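J.: Here it is, the structure, as structure tokens.
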Amino acid sequence: METAMEDDKSDETSPEDADSVKENETFYQKKLFVGNISYRVTKRQLANFLSKFGKVVDCTIVQDHIKRWPKGYGFVTFSKVEEAEKARNTPPDQLELDGRQLRLLPANKTRVSKMRKDAQVAAERRALARELDGDEESSDMEADVTPATPPPSPRRSVDHIDDLPDDALLLVLAWLDIKSRIRIERVCQRWRRLALRLWRSQDKLSFSGVFSVRDGRMLTVNILRALLVRCGESLRSLDLASASHALDYKAAEAISMLCPNLEYLDASGVHLTNVSVQQLAQKCPKLKVGSNIE
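Under the UniProt record's numbering, the residues of the sequence shown are numbered 1 to 294, in order.
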């Protein structure tokens with residue numbers, strides 16, 4: 001009986017926990033997502049504009065993690081729930097700032113979590129690029145020399161590379177080496193989308209001339225796994241012997257999990273175990289002994 005009573009008590013929400021939950025809900029009710037922000041608008045200008053609805057205690061414009069360009073959306077937090085509701089219920093024609101009508105939406109947990117996840121993905125892309133470049137400070141240096149906002153005029157000359165249609169731009173980007181293809185993912189969303197399309201159509205992967213022991217830049221399991229995440233589904237031929245690497249059985253695990261259609265594998269110099277070889281045989285049923293893909 002005593003044990004049962006103790007279990008019942010443990011299931012009860014303490015007053016402190018209830019207050020914490022209520023406080024968290026109130027916080028999100030006071031916070032709004034702000035979309036369609038002009039690239040010329042600063043954080044201070046946005047806060048001043050929205051202050052007509054109430055006291056703004058926090059205002060943020062989300063920026064690109066590499067170029068430091070504003071992404072056109074952000075978050076604003078008012079001091080009271082009523083102020084946030086007043087702003088959200090305002091007619092669209094009264095929300096025009098710098099020629100654009102702001103979109104105000106509730107900043108729910110899902111939307112905030114998505115922003116954090118996007119930031120984490122961007123950080124992982126930067127980490128991979130730094131590891132490929134062998135220069136941990138390259139991203140910071142690029143950020144320092146890049147203007148905080150895009151050029152004021154959206155018009156471009158007709159011979160600008162971004163004026164090319166996707167299919168034509170893909171033909172150009174296809175000539176890039178592995179490292180450059182990783183770098184262009186950081187240029188903009190369009191280039192990242194096109195780079196991923198290139199990876200998904202990749203059927204052969206070789207590392208000749210990409211990694212060098214002399215330069216201290218070797219192919220690691222982390223780099224290999226990150227590349228296979230991009231192209232493993234379509235990959236039919238993988239040549240690891242052409243790279244200066246420090247790979248072990250974990251490389252075989254990554255290959256077996258990410259390359260189900262692999263037909264040819266040159267793993268010369270990779271330290272494999274019996275278990276890792278069995279994994280390759282089971283997870284890559286199309287592997288052919290003693291054959292190459294021309």
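For every residue, glycine included, the Cβ atom is placed at its ideal position computed from N, Cα and C.
Values in this document were obtained by computation on a predicted structure and should not be read as measured data.
#1: For I61, which of R40, L170, K55, K52 has the nearest alpha-carbon?
#2: Secondary structure at P151, three-state DSSP: helix, strand or coil?
#3: Given I37, which residues of its chain have a CB within under 8 angstroms of its CB, disregarding the five upstream and five downstream residues?
#4: Rounded to a whole number of angstroms, what is the C-alpha to C-alpha distance between R197 and C188?
#5: Using alpha carbons as the reference points, say which of G269, A243, V277, S268 lies closest to A254.
#6: May I ask you to list the residues that DSSP assigns as paired with L238?
#7: Would you say the beta carbon of L170 comes nearer than 7 angstroms to a heavy atom of the ligand FAD?
#8: Identify every residue that forms a DSSP beta bridge with R100.
#9: Under DSSP, the beta strand (DSSP E) around K288 begins and ends at which residues?
#10: For the 8 angstroms Cβ check, are there 3 or more pairs between the segment 231 to 248 and the segment 198 to 206?
#11: Report back the beta-carbon spacing between L50 and V76 to the nearest angstrom; my notes put them in contact at under 8 angstroms.
#12: For K31, which beta-bridge partners are listed by DSSP?
#13: As a quick exercise: from C231, F78, D248, K55, pick the residue whose alpha carbon is nearest that of L262.
#14: Of all the options L287, L176, R186, which has the alpha carbon lying nearest to the alpha carbon of D64?
#15: Quick one: what's got a C-beta closer than 6 angstroms to P152's C-beta in the same chain, skipping five residues either side?
#16: Residue range of the alpha helix (DSSP H) that V57 falls in?
#17: What did DSSP end up calling L105 once you bin it into helix, strand or coil?
#18: Between L247 and L265, which are expected to be in contact by the criterion C-beta below 8 angstroms, what is the C-beta distance as a whole number of angstroms?
T.: According to the data block:
#1: Taking the sequence shown and counting its residues from 1, the one referred to as residue 61 is at position 61. Nearest C-alpha to I61: R40.
#2: By one-based count along the sequence shown, residue 151 stands at place 151. Because P151 carries a pLDDT of 45, less than 50, the predicted location of this residue cannot be relied on, and the following value inherits that uncertainty. It is coil, neither helix nor strand.
#3: For the purposes of this step, residue 37 is taken as residue 37 along the sequence shown, with counting starting at 1. Here the set comprises L46, I61, P70, G72, Y73, G74, L97, R100, L102.
#4: On the sequence shown, residue 197 is found 197 positions in, with the first residue counted as 1. On the sequence shown, residue 188 is found 188 positions in, with the first residue counted as 1. Each residue's alpha carbon lies about 14 angstroms from the other.
#5: Taking the sequence shown and counting its residues from 1, one reaches residue 254 at position 254. Checked all of G269, A243, V277, S268; the closest Cα to A254 is V277.
#6: Position 238 of the sequence shown, counted from the first residue, corresponds to residue 238. In the DSSP output, where bridge partners are listed per residue, L238 has L205, L265.
#7: Among the ligands in the structure shown, none appear at all, so the ligand FAD cannot be discussed.
#8: Numbered from 1 along the sequence shown, position 100 holds the residue referred to as residue 100. In DSSP, R100 forms a bridge with L97.
#9: Mapped onto the sequence shown, residue 288 falls at position 288. Where K288 is concerned, there is no enclosing beta strand (DSSP E), given that its DSSP letter is neither H nor E.
#10: yes
#11: Taking the first residue of the sequence shown as 1, we reach residue 50 at position 50. Taking the first residue of the sequence shown as 1, we reach residue 76 at position 76. Indeed they touch by this definition, with Cβ atoms about 5 angstroms apart.
#12: Within the sequence shown, numbered from 1, the residue matching residue 31 stands at position 31. Partner(s): T77.
#13: The count along the sequence shown starts at 1 and reaches residue 262 at position 262. Per the Cα distances, C231.
#14: Numbered from 1 along the sequence shown, position 64 holds the residue referred to as residue 64. The residue with the shortest Cα to Cα distance from D64 is R186.
#15: As a working note, residue 152 is residue 152 in the sequence shown. In this prediction, P152 has a pLDDT of 47, which is less than 50 and means its spatial position is unreliable; nothing more can be read from the coordinates.
#16: Residue 57 sits at position 57 when you count from the first residue of the sequence shown. Here V57 belongs to no alpha helix (DSSP H); instead the beta strand (DSSP E) covers 56 to 63.
#17: Here residue 105 refers to the residue found at position 105 of the sequence shown. Reduced to three states, the DSSP call for L105 is strand.
#18: Position 247 of the sequence shown, counted from the first residue, corresponds to residue 247. Position 265 of the sequence shown, counted from the first residue, corresponds to residue 265. No, L247 and L265 are not in contact; Cβ-Cβ is about 12 angstroms, not under 8 angstroms.
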